[in-house]
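The listed protein sequences correspond, in order, to chains A, B and C. By the count of the numbering used here, the first sequence reaches residue 227 at its end, each step adding exactly one. By the count of the numbering used here, the second sequence reaches residue 39 at its end, each step adding exactly one. By the count of the numbering used here, the third sequence reaches residue 1270 at its end, each step adding exactly one.
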Amino acid sequence: ARQHVFLLPEYLKDASKKMKSGLMFIKLVNPCSGEGAIYLFNICLQQLFEIKVFKEKHHSWFINQSVQSGGLLHFATPMDPLFLLLHYLIKAGKEGKFQPLDQVVVDDKFPNCILLLKLPELEKLLRHVTEERVNPEIDKKKYYKFSKEKTLKWLEKKVNQTVAALKTNNVNVGARVQSTAFFSGDQDSSGKEEDYIRYAHGLISDYISKELSDDLSKY
Amino acid sequence: LLPCEVPVNQPAPVGRFFTPAI
Amino acid sequence: MDLSELERDNTGRCRLNSPVPAVCRKQPCALGVDEAGRGPVLGPMVYAICYCPLSRLADLEALKVADSKTLSESERDRLFARMKEDGDFVGWALDVLSPNLISTSMLGRVKYNLNSLSHDTAAGLVQYALDQGVKVAQVFVDTVGMPETYQQRLQQRFPGIEVTVKAKADSLYPVVSAASICAKVARDQAVKNWKFVEKLQDSDTDYGSGYPNDPKTKAWLRRHVEPVFGFPQFVRFSWRTAQSILEKEAEDVVWDDSVAEDQEGVGRITAYFDEGLRSRTRLPHRYFQERGLAPAATL
């Protein structure tokens, strides 16, 4: 049987112990490309993780008393589910009307997207990127519509947080280096603010559509 | 993690033949 | 013979030597070089030198160190013991080359073939004797490869010494025959006491003579080939016999330098992506590209 090697945050270990199906690998949309991608969903903590894979040629694993070809190394990193919800809200937003969430987050290519509706504090999250309406007559149900300028404001916050993280983690945002091997610890950390913002915008753009990325760049 | 591709997924007597060196 | 160093780590090489007889530092000596275990696909190859003053060659001959090939293993052991007893005029030194050292030399990225390894080992032992102050006047060596080149190389390396490289030197010169006995005793003992770090299954040591054409040896190799790891390190992986069994029974392992992919080929393929497609399929951000990270599309 195929085996995979994962780097996971330590606290997830007992999540898989507490509930057999505590952790689920699910296929959802990649908000940048629209293609499918694997995510890890933590049912207990209702948390979403993106999975990135380190892939280099001519590698394999010895795992205990077995050998596993490919030598892939998977990383699970917590991801803000709003990037995924945004993908559906923008699609629905094109119709220009307010809709209930369970009519927005539907996807026959990735049916598991409905798991996103179970996330805690969803309404709080949605306030960052949508206008909402409550229809008093019908069962107090909430209706949402994608709001571009709220979203851009939210993304701007993300970019600023990312700039701060790039600085504390000493990520080289200057001229492109051929390989991480050349990263020198003391690279000119005085990297211009402009470079940090451009780099952060590029990173965030890996989680939003091209169109939104261009809007954000102008914004 | 090996610097070579062993193109199989199967049991192997790793403990007998392989001593990881730090 | 104390081969405990080899028993501790049998993946490199180990050198053994007798004390240097005082007379060998005073009088001109003859020195013989020979090896044991050059042909087998199993176990170490041993190079040995034996030296004694020219004036005592008759005594060495009297020890009946006749052509070592005609001696049985027990006769060799007894003779070796005799030589040690008469240690006041006979000196020896050995260099035990493990199968792992032989294999990794021959299969390394920079090829270091068996002849070069042999020549360098022999010359290293002669140098050792000189460094110990032995007054080496003559060196006699059994041929390995082309005698002329070998003779030339050794003569160049040791200009002040009369070098003779000759076929069947071990039956012509007693010092070579004595060296041959030392080498064979060491090899036999190393093989007999071989420690399989791979914890051999059912410690099956029924491998015959170790020579490639010995059916017992071939059967043993086939019994102990492991698809991922090949053989225990007792086996010389660089031997044709071992390689042909690996090609049949073991997995093809690919190293990054073993597939010298043609770089321009890669360029050519991307040339087929029309510009639009490439710009549309947005590449991951450089943060991820520089770290070899990509979204996992499947598990």
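The beta carbon of each residue, even a glycine, is placed where N, CA and C say it ideally should be.
A:Asn168 is the residue among A:Asn168, A:Val114 and A:Ser74 whose C-alpha sits nearest the C-alpha of A:Leu224. Residue contact check for C:Gly1010 against chain A: no CB pair falls below 8 Å. The beta carbon of A:Val75 sits closer than 8 Å to some beta carbon of chain B. According to DSSP, C:Trp1210 shares a beta bridge with no other residue.
C:Ser1180 counts as exposed, since fewer than 16 other C-beta atoms from the protein chains shown sit within 10 angstroms of its C-beta. When only Cα atoms are considered, C:Leu1264 and A:Lys63 end up about 7 Å apart. Listed along chain B, the residues sitting closer than 8 Å to C:Lys1170 by beta-carbon distance are Arg33. Counted as a single uninterrupted DSSP element, the beta strand (DSSP E) harbouring C:Tyr1022 occupies residues Met1016 to Pro1024. Straight through space, the alpha carbons of C:Arg1080 and A:Phe118 are spaced by roughly 49 Å. As DSSP reads the structure, A:Met32 sits in a beta bridge with A:Phe49. Of all C-beta pairs linking the region 1035-1052 of chain C to the region 1126-1136 of chain C, fewer than three are shorter than 8 Å, placing the two stretches out of contact. In this model, C:Ala1268 and A:Leu109 are separated by some 26 Å (Cα to Cα). Annotation: the continuous beta strand (DSSP E) that includes A:Lys150 extends over Lys150 to Phe154.
Between the region 1093-1102 of chain C and the region 1006-1021 of chain C there are three or more C-beta pairs closer than 8 Å, enough to call the two in contact. When Cβ-Cβ separations below 8 Å define contact, B:Ala29 makes contact with chain A.
The beta-carbon of A:Asp214 is placed less than 8 Å from the nearest beta-carbon of chain C.
A contact is defined here as three or more CB-CB pairs under 8 Å, and the region 985-997 of chain C meets this definition with respect to the region 1062-1073 of chain C. In chain order, Asn981, Thr982, Gly983, Arg984 and Pro1015 place their CB closer than 7 Å to the CB of C:Ser1069, counting only its own chain and leaving out the 5 sequence neighbours on each side. Here DSSP, grouped into helix, strand and coil, assigns A:Thr159 to helix. Counting only residues of its own chain and dropping the five nearest sequence neighbours on each side, A:Tyr151 has a CB closer than 8 Å to the CB of Phe106, Gln107, Pro108, Glu140, Arg141, Val142 and Asn143.
According to DSSP, residue pairing for C:Gly1058 in a beta bridge does not occur. With at least 16 other beta carbons inside 10 angstroms of its own, C:Trp1165 counts as buried.
Ranking A:Gly104, A:Phe14, A:Gln55 and A:Ile212 by CA distance to the CA of A:Val61 puts A:Phe14 first. Taking each of A:Lys102, A:His136, A:Ala208 and A:Ile34 in turn and checking the Cα distance to A:Leu160, the smallest one comes out for A:His136.
The straight-line gap separating the alpha-carbon atoms of B:Pro37 and C:Gln1127 is approximately 44 Å. By the C-beta density criterion, A:Trp69 is buried, having at least 16 other C-beta atoms within 10 angstroms.
C:Arg979 is outside the set of residues whose beta carbon lies under 8 Å from a beta carbon in chain A. Not one beta carbon of chain B lies nearer than 8 Å to the beta carbon of C:Asp1173. In the structure shown, C:Val1146 adopts helical secondary structure according to DSSP, grouped into three states. As the crow flies, the alpha-carbon of C:Asn1071 is around 8 Å from that of C:Val1206.
Annotated three-state conformation of C:Lys1106 is coil, per DSSP. Of the candidates A:Leu31, A:Val75 and A:Leu53, the residue whose Cα lies closest to the Cα of B:Gly32 is A:Val75.
The Cβ neighbour count for C:Glu1222, taken over all protein chains shown within 10 Å, is at least 16; the residue is labelled buried. The three-state reading of DSSP puts A:Arg10 in coil, since its state is none of H, G, I, E or B. Residues are counted here when their Cβ sits less than 7 Å from a Cβ of chain C; for the region 35-49 of chain A these are Asn38, Cys40, Ser41, Glu43, Gly44, Ala45 and Ile46, given in chain order. Listed along chain C are His1256, Arg1257 and Tyr1258, each with a C-beta nearer than 9 Å to that of A:Gly210.
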